[in-house]
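Okay, structure coming up:
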């Protein structure tokens, strides 16, 4: 709320009440703006979007992965949140608000109190009760639902919130891209059957494209790993950018898209008649490359063992166990750690130390599971080795390997796809060529099924009086991360250039005239017309004002100059098109501004990309 120091007339129209000392929230004077701009990039600003959010005074860092939103940044976030609310309401969502601090009991019911690592912060209240800081709200919303939903007549339901969350990320980076405290929109659906869940999932799938499209952010949707959330079907919405940490695998030939964590590709198999296992001398061949060179064979004809240590947690009591996990894959391929972790059903994985490998009777550099007791180790075999015969494998003796090793005959394990998809591989769907790119996850949707309802006794009574578990879905959007991606996408060498739908204000009014009365009149005229305005009324030079205007990057800049005002005109510049220099008559300024604002809004909506999801039959 801002204090208005100018004259006020009761005849002046007001949009937000009638208190004469309160200036409308549609406006802000830069002379009274809380934040300031910075001429130089602060230390640690490792990408341009982050740098400009800092320099333009949108955000300030408090600690690692912890940020404050200043007035300009918070205005943009509120604009994003309004778009989210409108689209969630449009598909039947009801807004609620759930607490960030949760009693640990509900997290113990699902087992996630024990299974989630140190990313979830735990503490005790003053009487010794276990508490957690929520990093997501599946447990809380299920706890609510088991009291509110008792009959099939009470479904379907869809609730959502925009709330603060805490995830103690060990590697915060890139400003708002990867943080520890963050704001999310999370929504939750409740249905009686899979068909109902599919309908709500499809509604979110399309709504998310509308949300991101209305903000001006281009995204693609990819198949994803459900991870700690549970469920079998999941998709992520990705903003493609070099600053992203996720690797996205795509096929232009058939539009196949997936996060590399789950991406599949078409593999070769070398099936032939099994030959007799033969131990051979392979001096100084501790790597697959050296081995293939020594034997004059392709790396495709070798079996590579990768040694990890998995952490396994009993989700009923939190007891922890560590086991050696051995991933075996064809020598020319690499293991995707996420796939290996899922196949092993481990809570976490790390590389094994040499002494841990030796303790299992395996020799590093010449290791395999042939002849090794497997009761204390977990072996996961990629299908590339399980379906190929006569591969070269380690003999667990320095300087020696086995020829003609075969899965099931010479060694055993769980068969799964644990291979990492790479650019140039063949698409599993059409055989086309895959390519990879970096992306930032800005949204995700999950089909939870009965993962939470069964563990928390969230049941309903069907038409026949039978108790059944509620079918659930979970859907998230990172609000701050979305702003960070927009800043990364919309900037130039001078500063930010946010789309008009999310920019903190539509118009930057820059006054270069000494006659404050005329500037005030124009300012008030724009506000009364419902146009949002940042008014630079400071006693600064034109150069300083223009530099700040470019840095903050509002969509439209109106410059009040002595010469143009004498002619009854103002100069207008569109930030997204520096070459577009306009001049509007004062008499028609409001009408012309409305047309220009509508044009910029239409540019965003006209470029929206929409996709629909349909369940596989």
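In my numbering, the protein residues as written are 35 to 651.
Cβ coordinates follow ideal geometry from the N, Cα and C atoms, glycine included.
At least 8 Å separates the beta-carbon of residue 616 from that of residue 534. By alpha-carbon distance to residue 463, the top candidate from 290, 564, 499 is 290. By the neighbour-count criterion, in which a residue is buried when 16 or more other Cβ atoms sit within 10 angstroms of its Cβ, residue 321 is exposed. Leaving aside the five residues that flank residue 425 on each side, the residues in its chain whose CB is nearer than 7 Å to its CB run, in chain order, 335, 336, 337, 419, 439. Short of 7 Å from the beta carbon of residue 431, and not among the five residues preceding or following it, lie these beta carbons of its own chain, in chain order: 397, 400. Distance between residue 328 and residue 384, taken at the CA atoms: about 31 Å.
In terms of CA proximity to residue 79, 277 leads the group 277, 379, 135, 489.
The C-beta distance from residue 566 to residue 67 rounds to 14 Å, too long to meet the 8 Å contact threshold. No Cβ-Cβ contact shorter than 8 Å links residue 539 with residue 531.
In this model, residue 394 and residue 452 are separated by some 22 Å (Cα to Cα). Bounds of the alpha helix (DSSP H) holding residue 519 are 513-523. Residue burial is scored here from C-beta neighbours: residue 402 has at least 16 other C-beta atoms within 10 angstroms and is therefore classed as buried. Residue state for residue 85 is assigned as helix, using DSSP reduced to three classes. Non-local C-beta neighbours of residue 490 in its own chain, meaning closer than 8 Å and more than five positions away in sequence, comprise 140, 143, 144, 173, 176, 177, 180, ordered along the chain. DSSP places residue 430 within a strand segment (E or B) once states are collapsed to three.
Closest in alpha carbon position to residue 303, among 558, 423, 597, 355, is 423.
Residue 625 and residue 586 have their alpha carbons spaced roughly 25 Å apart.
Comparing alpha carbon positions, the residue from 259, 355, 333 closest to residue 374 is 259. Between residue 297 and residue 460, the gap from beta carbon to beta carbon reaches 8 Å or more. The alpha-carbon separation between residue 148 and residue 484 amounts to approximately 20 Å. Residue range 172-182 is occupied by the alpha helix (DSSP H) that includes residue 175. Closest in alpha carbon position to residue 542, among 106, 342, 86, is 106. Shown here, residue 295 sits in coil according to DSSP, grouped into three states, outside any helix or strand. In this structure the stretch 238-245 lies against the stretch 641-648, because at least three pairs of beta carbons, one per stretch, are closer than 8 Å.
In the three-state reduction of the DSSP assignment, residue 121 falls in the helix class, which pools H, G and I. 8 Å or more divides the Cβ of residue 513 from the Cβ of residue 249.
Straight across, the Cα-Cα distance linking residue 203 with residue 151 is about 10 Å. In the structure shown, residue 223 falls within a strand segment according to DSSP collapsed to helix, strand and coil. Close CB contacts of residue 225 within its chain, under the 6 Å cut and outside five residues either way in sequence, are with 189, 190, 231, 505 (chain order). Here DSSP, grouped into helix, strand and coil, assigns residue 408 to coil.
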